[in-house]
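Undergrad: In full-length UniProt numbering, the protein residues as written are 1 to 139.
Cβ atoms here follow ideal geometry from the backbone N, Cα and C, with glycine treated the same way.
In this text the structure is predicted, and so the values were computed from the model without any measurement.
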């Protein structure tokens with residue numbers, strides 16, 4: 001039974017992140033929010049050097065951490081060389097949904113990271129983020 005309780009807690013923690021992003025965006029579609037959250041986390045992960053990607057992944061709750069690492073190929077070329085490339089990648093990952101302002105969505109995912117990461121870890125995450133993406137973090 002404790003293993004199932006661990007699973008329930010992991011799902012609950014991940015749902016709390018989805019709900020936080022949903023509240024920040026003012027949306028009511030959890031599926032859409034989930035897609036934006038994962039697309040932004042994957043885009044961020046793939047824009048970072050391997051050590052930094054692992055550093056940020058380690059800060060996430062267990063289930064979200066597993067989703068963050070899904071499909072990752074360490075050592076692959078960094079994905080986003082520019083802010084527009086980063087946002088385009090998110091847009092592609094959410095099936096080019098015209099109802100999604102990907103810049104706003106990315107900002108709110110970054111704001112959720114900022115709100116949920118311990119202060120010291122947050123500073124490390126910001127420093128590791130490529131310079132073109134720094135303005136997506138809340139000031």
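Checking 8 Å against the spacing of the C-beta atoms, do residue 53 and residue 45 come in under that value?
TA: Result yes, Cβ atoms of residue 53 and residue 45 sit closer than 8 Å.
Undergrad: If you run the structure through DSSP and keep just helix, strand and coil, what is residue 101?
TA: In the structure shown, residue 101 sits in coil (DSSP, three-state: anything other than H, G, I, E or B).
Undergrad: Does the Cβ of residue 23 have 16 or more other Cβ atoms within 10 Å, making it buried, or fewer, making it exposed?
TA: Exposed, by the Cβ-count rule.
Undergrad: May I ask which residues mark the beginning and end of the alpha helix (DSSP H) holding residue 91?
TA: Looking at the DSSP string, the run of the alpha helix (DSSP H) that includes residue 91 is 83-93.
Undergrad: Take residue 104 and list the residues in its own chain whose beta-carbon comes closer than 8 Å to its own, dropping the five residues that flank it on each side.
TA: So the qualifying residues of the chain are 25.
Undergrad: Is any non-hydrogen atom of the ligand MN found closer than 7 Å to the C-beta of residue 26, if you look at the structure I gave you?
TA: The ligand MN is absent from the structure shown, which contains no ligand whatsoever.
Undergrad: Determine the contact status of residue 36 and residue 94, defining contact as a CB-CB distance below 8 Å.
TA: Yes. Within cutoff.
Undergrad: Among residues of its own chain, excluding the 5 on either side of residue 91, which ones have a beta-carbon nearer than 6 Å to its beta-carbon?
TA: These residues qualify, in order along the chain: 102.
Undergrad: Give the DSSP-derived three-state secondary structure of residue 29 in the structure shown.
TA: Note: residue 29 maps to coil in three-state DSSP.
Undergrad: Counting C-beta neighbours from all protein chains within 10 Å, is the total for residue 30 16 or more, i.e. buried, or is it exposed?
TA: Exposed, by the Cβ-count rule.
Undergrad: Once DSSP output is grouped into helix, strand and coil, what is the label at residue 149?
TA: Lying outside 1 to 139, the shown extent of the chain, residue 149 is not represented and no answer is given.
Undergrad: Note down, in chain order, each residue of its chain lying with its Cβ closer than 8 Å to the Cβ of residue 18, except the 5 sequence neighbours on either side.
TA: So the qualifying residues of the chain are 30, 33, 34 and 37.
Undergrad: Where does residue 133 land, buried or exposed, given buried means 16+ other C-beta within 10 angstroms?
TA: Label assigned to residue 133: buried.
Undergrad: If you check the beta carbons only, do residue 14 and residue 63 fall under 8 Å apart?
TA: Yes, they are a contact pair.
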